[in-house]
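Those sequence lines, one after another, are chains C and P. Here the numbering used here is used: the first residue of the first sequence is 13, the next is one more, and so on. Here the numbering used here is used: the first residue of the second sequence is 13, the next is one more, and so on.
Number of protein chains: 2
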Amino acid sequence: MLAELVALNRWDEAGLAAQLTHQLRELIASGRIKRGAVLPSSRHLAVELDVSRNTVTHAYEQLAAEGYLRVAARRRPVVIDDIEERLAGATPVPRREATRKPQLAPWALRLEDVGWPMSYQAEFRPLRAGLADAREFPHEIWARCLRRSALRRRFNDQTLVNRPSLRQALCDYLETGRGVRAEANQILILPTAQAALTLVTATTITPGDTVWTEDPGYPGAAAAFRAAGAKVVGIRLDQWGMTRARQTRAPKLIFATPSHQHPTGRVMPVARRTELLAAAEPGKTWIVEDDYDGEFHYDSRPMPALQGLDREGRVLYVGTFAKAMTADIRIGYLVVPPSLARTMEVAQRHLGLIASVHVQEALSDFMSDGHFLAHVRRVRRIYRARRDHLATLLERHLGKVLDAEVPHGGMQLIARFRNGGADREVVDRLVAAGVEVRALSSLAVERPRDSGLLLGFAAWRESEISRAVRIMADCLAGKRAQVLGRAV
Amino acid sequence: MLAELVALNRWDEAGLAAQLTHQLRELIASGRIKRGAVLPSSRHLAVELDVSRNTVTHAYEQLAAEGYLRVAARRRPVVIDDIEERLAGATPVPRREATRKPQLAPWALRLEDVGWPMSYQAEFRPLRAGLADAREFPHEIWARCLRRSALRRRFNDQTLVNRPSLRQALCDYLETGRGVRAEANQILILPTAQAALTLVTATTITPGDTVWTEDPGYPGAAAAFRAAGAKVVGIRLDQWGMTRARQTRAPKLIFATPSHQHPTGRVMPVARRTELLAAAEPGKTWIVEDDYDGEFHYDSRPMPALQGLDREGRVLYVGTFAKAMTADIRIGYLVVPPSLARTMEVAQRHLGLIASVHVQEALSDFMSDGHFLAHVRRVRRIYRARRDHLATLLERHLGKVLDAEVPHGGMQLIARFRNGGADREVVDRLVAAGVEVRALSSLAVERPRDSGLLLGFAAWRESEISRAVRIMADCLAGKRAQVLGRAV
């Protein structure tokens, strides 16, 4: 008797028809009701189960719509033939992994070799680099902007993927604050700065192309170009940043961080910038300028962007709000030459690299109302003091072991071992002791030429920096002894 | 005299040092101060300009940092040699387009052929398809969720790109509401559903691979696969959706919309679903299930997802909040098999496909507090009534010209011409008359086999639908006359 296989619960939120449908589906799928079986009429089953006939009819119709039953007027429903084999997967059996999993594309397989993004422990600790201090962010003001933006009713104008108000606010800021020359329609608003690199890579790189990047440099850029099949050539640095490459042939793309070279923080002077532009072959070379923390220049006014020097429309300028505001905001942007504006926006929509409209409009308010500049000015002072604090403590407590290169701007600094030696083992010991640092050698694009520590100061309070340096001093006393011991 | 070339404004917000730096930079860049020129001492220039010596020193140091000047203690600053040629781009000359623009990659060039995304006029008009009605969205509740999320201070834990709370809320909803079986860590939160296709394409498609899609089908999917260099084969539909392909070799990937086939709205019954799973060759074929509007089923409960029938871990399930909530929210998601969870998250971070943390947490609150299901239930009733209204009016006013296929769910319907004929010209006339419709033939993946109109009903009020149908009736009376005239 079918009715005996069904147990309905009148207090269950799901409702009787839903319960009956679910249970019948499971009975068919599991084979307890056989293929070809003729089920009771709805009237009959309703009486057996003491439910309304509508309840049963509803369940039968649903299962017919799903393809389990064949129903016809004045006929009892029939379980569809050979449903049993076809439904192998529908029973709630424990899931097992495929024995023969489909292959991934070469791009995905290359990700393993590329080794980026790196994984972190869940916990954030001093002196992790590359971060803004979210504790200094004006959350109340931002919450107000978000709320106001969400209440502004827009009527289905969502194909405007780059909100005009934010484009204009960014345009004004980039011109006065960063020396970027662009019209609003050259600015693409993206979920992250890394998405800007995705867009640039997709539109410019063909497998086999050559790309120059600074070495050491930002690993996320090298990873994006490598995964796309480009040959990435690491170009050495001198005190002014990226040097003139000794390569005879111009590359397809040059990636540079002229405001504050990542990771050294060196500022590229204007003469070197014009050399860089000259190294880009007309008709061949794109230049990507990543101005990830150009807001934070401490000892003089920031240099105008390389983009502003470019007359040929070959510079693609990447920026982000993750450093100047907080990483949670997740908005990056890309400024493209006028000739690429249309193509790039099509590519952006094609790839679905679109940021929340609510966040875009909140950000445009945050900028227009002056909160953005006020915040940047405020944390610039705080970060500068933190840089000075870290530099002073390193000199005082670790001056004999470490040689810190104090940058004019940015959010991190590098410190080299005066006595040389490998950095990875030291980093492991520091991390184990509770200080999060990165090995300079891990930022090498080709073979590591340089060894040392990358230390973030922007996200960490002076008390946190003090504590971290104390731990480092304890650890590196051991390191110093070891290095000396080895030398003997 | 240098001082005569400079005009400082003591009321200018920029400050005297900033003004002086700017003006000197322009004078050097434009060549009015020659290369090799020796500038006045800071003391001397300060007297000439009637400013403090610090102001001049500051300007000189800034320009030295930028590479325009060479400064040394007790020496007058010198404009760096050959700066003039190098700086060609730094003068504020009118921007001109590059005569020789660098080439784009084949991917970007293919976008032109792919013809997607299509461009719309700026204005949204009835009966544009594929949209939710943003006017019905509970903006106040959403604004509250966003505000609360922004006020929740997080301390730099931003590497969690997929917020655990949203993953869990989605996991629960997808299991009970859509029959998707997954753990929270199999769910990737992305900026858009199209970004999910970007991720899938990047990780699975090698140029030359074969992909099957429904024909007619969702153009954004075919476009993504084609741009990646795949051979896209359009598979015909019957009343149950995608048919068994007559292809002898299994493809690399099958893209399907089983809940409501796009654009016909047909529901794929369970037997066809198991056939589809069986068509995927073990060790070779991925299946992408795009459940873009699975929430909106009107005549019976929604069918459980194909993903829930898959025991082999080959189905990648794509969803979005753009339809169930509002397109402004910009959150899509991808459910991947357990074996792919780690690789896909690395790929997601690599591509920078990360949604705003504030929006993710607001959404998790919106779901946990029951607002999501309440909203879906509410608009489901509204959209059903709109579907019925459109279907009734089409039958009443255009029944002799159009044959509407009324779907069991979704947000749009198709209507074919009873007398045949091309659709594009009719669409042009309707758009000109103020009704936004799409040609069914424009959704063909291969050669158009079918002609008709795609009409959206979800986003439009009954009064708007009535007005649109009236306009259509006026237009299509002409069409009917014309077709008859041609037949004569």
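Glycine included, each C-beta is placed from N, C-alpha and C at the ideal position. Computed from a prediction, not measured in an experiment: that's the story for all the values here.
*Of all the options Ala451/C, Ile199/C and Val439/C, which has the alpha carbon lying nearest to the alpha carbon of alanine 181/C?*
Ile199/C
*Entirely enclosed alpha helix (DSSP H) segments - the region 258-299 of chain P, minimum 4 residues*: 282-291
*Pull up the distance between the alpha-carbon of arginine 179/C and that of valine 83/C, whole angstroms please.*
58 angstroms
_Closer than 7 angstroms at the beta carbon, the chain P residues around serine 369/C_ = A small fix is needed here, since residue 369/C is valine in this sequence, not serine. By Cβ distance, chain P contributes Asp340 and Arg342.
*Give the range of the alpha helix (DSSP H) segment to which arginine 392/P is assigned.*
383-410
*Just the Cα atoms here: how many angstroms apart are aspartate 311/C and threonine 260/C?*
37 angstroms
*Mind checking arginine 44/P: buried by the 16 CB within 10 Å criterion, or exposed?*
exposed
*Of all Cβ atoms in chain C, is any one closer than 8 angstroms to the Cβ of lysine 335/P?*
no
*Are the C-beta atoms of asparagine 21/P and some chain C residue less than 8 angstroms apart?*
no
*Would you check if the distance between the CB atom of leucine 402/C and the CB atom of phenylalanine 333/C is smaller than 8 angstroms?*
no
*Confirm, please, whether the CB-CB distance from proline 314/P to glycine 306/P is below 8 angstroms.*
yes
*In chain order, what residues of the same chain have a beta carbon less than 6 angstroms from the beta carbon of tryptophan 252/C, not counting five sequence neighbours either side?*
Met280, Pro281 and Arg284
*Looking at the C-beta of histidine 383/C, does it have a partner C-beta in chain P at a distance below 8 angstroms?*
no
_Residue-chain proximity (histidine 362/C, chain P), Cβ-Cβ < 8 angstroms_ = yes
*What do you reckon, are the CB atoms on glycine 364/C and threonine 210/P nearer than 8 angstroms?*
yes
*List the residues that DSSP assigns as beta-bridge partners of lysine 46/C.*
The partner list for lysine 46/C (beta bridge, DSSP) is empty, contrary to what the question assumes.
*Give the interface partners of arginine 284/C over in chain P, defined as CB-CB distance under 8 angstroms, in chain order.*
Gly79
*Does the beta carbon of alanine 207/C come closer than 8 angstroms to any beta carbon on chain P?*
yes
*List the endpoints of the continuous alpha helix (DSSP H) containing alanine 236/C.*
231-239
*Short CB-CB distance (under 8 angstroms) between valine 358/C and chain P*: yes
*Would DSSP call glutamine 424/P helix, strand or coil?*
strand
*Hey, is arginine 392/P's beta-carbon within less than 8 angstroms of any beta-carbon in chain C?*
no
*Taking threonine 204/C as part of the alpha helix (DSSP H), name the residues at either end of that continuous run.*
Taken as a continuous stretch (DSSP letters only), threonine 204/C belongs to no alpha helix (DSSP H), as it is neither H nor E.
*Shorter than 8 angstroms from the beta carbon of proline 231/P to some beta carbon of chain C?*
no
*For histidine 151/P, which of Arg389/P, Arg399/P and Phe384/P has the nearest alpha-carbon?*
Phe384/P
*In three-state DSSP terms, what is phenylalanine 429/P?*
strand
*From which residue to which residue does the beta strand (DSSP E) around alanine 359/P run?*
Alanine 359/P -> not in any beta strand (DSSP E); alpha helix (DSSP H) instead, spanning 353-363.
*Ends of the beta strand (DSSP E) at tryptophan 224/P?*
222-226
*Under 8 angstroms between C-beta atoms, does arginine 107/C make it to chain P?*
Any reading at arginine 107/C must be qualified, since the residue scores a pLDDT of 42, below 50, and its modelled position is unreliable; no value is offered.
*Are the beta-carbon atoms belonging to tryptophan 119/C and alanine 234/C less than 8 angstroms from one another?*
no
*Show which residues of chain C have a CB atom less than 8 angstroms away from the CB atom of methionine 315/P.*
Ala77 and Glu78
*With DSSP run on the structure shown, which of helix, strand or coil describes arginine 473/P?*
coil
*Taking C-beta to C-beta, are threonine 173/C and isoleucine 366/C nearer than 8 angstroms?*
The question names threonine, but residue 173/C in the sequence shown is valine. Cβ atoms of valine 173/C and isoleucine 366/C: closer than 8 angstroms.
*So what does DSSP say about threonine 33/P, is it helix, strand or coil?*
helix
*For aspartate 415/C, which beta-bridge partners are listed by DSSP?*
Arg428/C
_Residue from Ile341/P, Asp381/P and Ala359/P with nearest C-alpha to histidine 370/P_ = Ile341/P
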